[in-house]
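Residue numbers (this note's numbering): 4 to 226.
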């Protein structure tokens, strides 16, 4: 996952080797605060780390996802397992799938893994993700274990010394925001714009296709 650039300073490149697979005992996963040195300036950042000191999580597809989450922050938090399909009560979205985890508390997660891939985990609590509360979550396919290749996982995260709350306020102030279901009567466009209008009925399905992807792969259809 490479986030869009938000400032000229970028957090240190983090490289995760193999982390070890899940065992019969839950893996202790801690959410805590650390201080980074960014271009000579101190930056208070959150992080997700195993009690062993290893960053991120790594499993084989045959493993069970057994995690004991420890909140070592001074505020509530919760982690969402992006790319996995846990029972919805363990999906890690505060006040939707479960309550946020108070400071000093733990919560156990246990469910089978169903898909291999390069996933990630992050907080959905407030603006904690913007404070770097995210990490890789790798699930390996045993069928690829004998491939002659070296694995290096790199996760890039943006750093800005402007408070995240101020960034959010700027976005809400008209400098860019999602529609969030609101109506838009018109849109100003250059006079030479090439546009096409399509009419749809309620409940109708339309197939949308993205061509010319930058990586040169085949186009993908979206129902």
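Where a beta carbon is used, it is the ideal one built from N, C-alpha and C, also for glycine.
Since this is a predicted model, take the numbers as computed values, not measurements.
*Using the DSSP secondary-structure output, state which residues sit across from residue 121 in a beta bridge.*
Looking at the DSSP assignment, residue 121 forms a beta bridge with 141.
*Going by beta carbon distance, what residues of the same chain come within less than 6 Å of residue 148, once the five residues before and after it are set aside?*
none
_Residue closest to residue 166, alpha-carbon to alpha-carbon, out of 134, 141, 206, 74_ = 134
*asked:* Using only CA atoms, which one of 142, 154, 109 lies nearest to residue 2?
replied: The first residue shown for the chain is 4 and the last is 226, placing residue 2 beyond what the model contains.
*Could you pull out every residue in the same chain whose Cβ sits closer than 8 Å to the Cβ of residue 90, ignoring the five residues on either side in sequence?*
Within the same chain, and ignoring the five residues on either side of residue 90 in sequence, the residues whose Cβ sits closer than 8 Å to its Cβ are 114.
*Tell me where the beta strand (DSSP E) around residue 169 begins and ends.*
Where residue 169 is concerned, there is no enclosing beta strand (DSSP E), although the alpha helix (DSSP H) it sits in stretches over 167-173.
*Thinking C-alpha only, which one of 60, 105, 71, 195 is nearest residue 156?*
Answer by Cα proximity: 60.
*In this structure, what does DSSP give as the bridge partners for residue 68?*
114
*From residue 143 to residue 131, what distance separates their C-alpha atoms?*
28 Å
_Alpha carbon of residue 21 to alpha carbon of residue 74, nearest angstrom_ = Because residue 21 sits at a pLDDT of 39, beneath the cut-off of 50, its placement in the model cannot be relied upon, and the point is left open.
*asked:* Restricting to Cα atoms, I'd like to know which of 37, 49, 57 is closest to residue 128.
replied: Scanning 37, 49, 57 for the CA closest to the CA of residue 128 turns up 49.
*With burial defined as no fewer than 16 other Cβ atoms inside 10 Å of the residue's Cβ, what is the status of residue 198: buried or exposed?*
exposed
*Under 8 Å Cβ to Cβ from residue 123, same chain only, skipping five residues before and after it: list those, please.*
4, 85, 86, 137, 138, 139, 140, 158
_DSSP state of residue 108 mapped onto helix, strand, coil_ = coil
*For residue 170 and residue 57, the rounded distance between their alpha carbons*: 31 Å
*Return the bridge partner residues of residue 62 from the DSSP annotation.*
The partner list for residue 62 (beta bridge, DSSP) reads 142.
*asked:* By the three-class DSSP mapping on this structure, what secondary structure does residue 133 have?
replied: In this structure, DSSP gives residue 133 a helical state, which the three-state scheme calls helix.
*Could you give the DSSP three-state label for residue 35: helix, strand or coil?*
Three-state DSSP puts residue 35 in a strand.
*Ordered along the chain, which non-local residues of its own chain (more than five positions away) have a Cβ less than 8 Å from that of residue 68?*
25, 62, 84, 87, 89, 112, 113, 114, 115, 116
*Indicate whether residue 162 and residue 30 have their beta-carbon atoms separated by less than 7 Å.*
It is not a contact, given that the beta carbons lie outside the stated cut-off.
*asked:* Let me make sure I understand the geometry here. Which of 45, 191, 35, 206 has the alpha-carbon closest to that of residue 107?
replied: 35
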